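Counting with numbering that gives the first Met the number 0, you get residues 0 to 95 for the letters of the sequence shown. Reviewing the structure listed below.
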Amino acid sequence: MIPYRGGYTEFKRGHAIRVREREKEVKKQLEDKKAGKKQRHPEDLVEKIRDYVVKFRFYPPQVSGDDAGGISVHDVAFSYTGKKPWLLHGLNFHVG
Numbered sequence: 000m001i002p003y004r005g006g007y008t009e010f011k012r013g014h015a016i017r018v019r020e021r022e023k024e025v026k027k028q029l030e031d032k033k034a035g036k037k038q039r040h041p042e043d044l045v046e047k048i049r050d051y052v053v054k055f056r057f058y059p060p061q062v063s064g065d066d067a068g069g070i071s072v073h074d075v076a077f078s079y080t081g082k083k084p085w086l087l088h089g090l091n092f093h094v095g
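If you want it as structure tokens, here you go:
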């Protein structure tokens, strides 16, 4: 987990810098590999960054009293690795 200080603008700036640095490291590793240079230890190798994707599914609204309109989230679980231990588990909320 990488802590970010400030608001969203600072997060975007810091994230972009980290992505560029990581891409440079991956590019250098590929160039070294093409040049036939000795490979580093596997734990020192840097993996290419994969895009983080969150999928949302919006169903047609069902008008039934308090739940009329808005967005509801049910039984959400979250961890940075996508595996246990969960940082959030069984989270339910409604914004409307």
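Glycine included, C-beta positions come from ideal geometry on N, C-alpha and C. Just so it is clear, the structure is predicted and the values come from calculations on it, not from any experiment.
Distance, residue j Cα to residue i Cα
i: His93; j: Ile70; result: 6 Å
i: Pro2; j: Lys83; result: 21 Å
i: Ala31; j: Phe10; result: According to the sequence displayed, residue 31 carries Asp and not Ala. When rounded, the distance between both Cα atoms is 32 Å.
i: Tyr79; j: Tyr51; result: 10 Å
DSSP-derived helix/strand/coil call for residue i
i: Phe55; result: coil
i: Asp74; result: strand
i: Leu86; result: coil
Residue closest to residue i, alpha-carbon to alpha-carbon, out of the options
i: Phe57; options: Glu9, Val72 and Gly5; result: Val72
i: Gly95; options: Phe77, Thr80, Gly68 and Ala76; result: Gly68
Integer Cβ distance of residue i from residue j, believed to fall under 8 Å
i: Val75; j: Leu87; result: 6 Å
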